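*Asks:*
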Amino acid sequence: MTHVILTLTRVEASHLADLVGQFQALVTEPEGDPAVERLTPDVYPNDAEASREFRDVTRDDLLGRRAHDAATVAADLARIEPAAVEEALSPVDVSIADLDPWLRTLSAVRLVLASRLGITDGAEHDEDDPAYGLYEWLGYRLEGLVQVAENES
Amino acid sequence: MSTLTTPELDEQIEVAPDVPWQTVVWDDPVNLMSYVVHVFREYFGFSQELATKRMLQVHHDGHAVVAEGAREQMELHAQAMHDYGLWATVRKAPQ
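If you read the sequences in order, they're chains F and C.
Read in order, the letters of the first sequence are residues 1 to 153 in this note's numbering.
Read in order, the letters of the second sequence are residues 1 to 95 in this note's numbering.
Structural data, given as structure tokens:
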């Protein structure tokens, strides 16, 4: 896979690094968080016992792969050279050697935000909520990266 | 000598096709349509056309069968879908 350059503003990159950091914490200490349940859904919805057995065998590995993906994204973002605060709106290039961890992590962070916003329940959500803005923005960035991935294949 | 043919018969019985299992992907209001197509293409090796067809099936019908076969294999596929953030389950193929 060819190298991808993602151009963000510095303030975007900083928000993204923050979100990915929170996501890493979530998948490392996932106990009882409903957003994590969405990331590890029941594989046998009509058979609680079989679902639990499957989950017992696979869940830790799945969350481990999540953490690994997120760490890759965090490392890509961490390579951005720091700049003065007045540079916040200036563009900065993120060099991405492997797009897949980015696609999976951005999707997963959106699922977590959606869960917090109640979007996964099909319930009403508050579009003035700042988290909704983040959710929409992540969708926009993810769409761009999916297009890059599709054009490559 | 019947002893030579018996093991073959046993083997045939063992590999007799059982009811297949299915990996089913369910609709959710979060994942982007383009992303779901990408996942189907990349993971299952579907053509653009088939991946789009399956994605639209998920979107309009609420779910789509993306694979059919042995139970363990379907569980692996479901797990892979979970890795991508898609909502997937495993079931016995309806009779």
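Glycine included, each C-beta is placed from N, C-alpha and C at the ideal position.
The model shown is predicted, which means the values in this text are computed figures rather than measured ones.
Find the residues of chain F that neighbour His82(C), judging by a C-beta separation of less than 9 Å, and give them in chain order.
*Replies:* Taking the second sequence and counting its residues from 1, the one referred to as residue 82(C) is at position 82. In chain order: Leu39, Thr40, Pro41, Val43, Thr58 and Leu62.
*Asks:* Use the C-beta contact count for Ser95(F): other C-beta atoms within 10 angstroms, 16 or more gives buried, fewer gives exposed.
*Replies:* Stepping through the first sequence from its first residue, residue 95(F) is reached at position 95. Its Cβ having fewer than 16 others within 10 Å, Ser95(F) is exposed.
*Asks:* Are Asp129(F) and Leu138(F) touching if we call contact CB-CB under 9 Å?
*Replies:* For the purposes of this step, residue 129(F) is taken as the residue at position 129 of the first sequence. For the purposes of this step, residue 138(F) is taken as the residue at position 138 of the first sequence. Contact: no.
*Asks:* Kindly list, in the order they appear in chain C, the residues whose Cβ is closer than 8 Å to that of Ile119(F).
*Replies:* Here residue 119(F) refers to the residue found at position 119 when the first sequence is read from its first residue. Those are Pro29 and Val30, listed as they occur along chain C.
*Asks:* Please list the terminal residues of the continuous alpha helix (DSSP H) segment that includes Leu19(F).
*Replies:* Position 19 of the first sequence, counted from the start, is the residue given in the question as residue 19(F). Counting along the chain, the alpha helix (DSSP H) containing Leu19(F) begins and ends at Arg10 to Thr28.
*Asks:* Any idea if His38(C) is buried or exposed, counting beta-carbon neighbours within 10 angstroms, 16 or more meaning buried?
*Replies:* Numbered from 1 along the second sequence, position 38 holds the residue referred to as residue 38(C). Per the 10 Å Cβ criterion, buried.
*Asks:* Tell me which residues share the same chain as Ala35(F) and place their Cβ nearer than 8 Å to its Cβ, disregarding the 5 neighbours each side in the sequence.
*Replies:* The count along the first sequence starts at 1 and reaches residue 35(F) at position 35. Cβ within range, chain order: Leu26, Leu111, Val112, Ser115 and Arg116.
*Asks:* What does Val146(F) touch in chain C if you count any residue whose Cβ is under 9 Å from its own?
*Replies:* Along the first sequence, one-based indexing puts residue 146(F) at 146. Going along chain C in sequence order, the residues near Val146(F) (Cβ under 9 Å) are Leu32, Ser34, Tyr35, Val37 and His38.
*Asks:* With a threshold of 9 Å between beta carbons, is Asp100(F) in contact with chain C?
*Replies:* Counting from one through the first sequence, the residue named residue 100(F) turns up at place 100. Chain C, which has a Cβ nearer than 9 Å to the Cβ of Asp100(F), makes this yes.
*Asks:* If contact means a Cβ-Cβ distance below 9 Å, which residues of the segment 38-53 of chain C contact chain F?
*Replies:* Residues His38, Val39, Arg41, Glu42 and Gln48.
*Asks:* Asp126(F): buried (16+ other C-beta within 10 angstroms of its C-beta) or exposed?
*Replies:* Translated into positions along the first sequence, residue 126(F) becomes position 126. Its Cβ having fewer than 16 others within 10 Å, Asp126(F) is exposed.
*Asks:* Return the CA-CA distance between Leu39(F) and Glu42(C), expressed in angstroms with no decimal places.
*Replies:* Residue numbering aside, residue 39(F) sits at position 39 when the first sequence is read from its first letter. Residue numbering aside, residue 42(C) sits at position 42 when the second sequence is read from its first letter. Taking the straight line joining both Cα atoms gives about 20 Å.
*Asks:* Where Tyr44(F) and Thr89(C) are concerned, what is the direct C-alpha to C-alpha distance, given to the nearest angstrom?
*Replies:* Stepping through the first sequence from its first residue, residue 44(F) is reached at position 44. Stepping through the second sequence from its first residue, residue 89(C) is reached at position 89. Distance between the alpha carbons of Tyr44(F) and Thr89(C): 6 Å.
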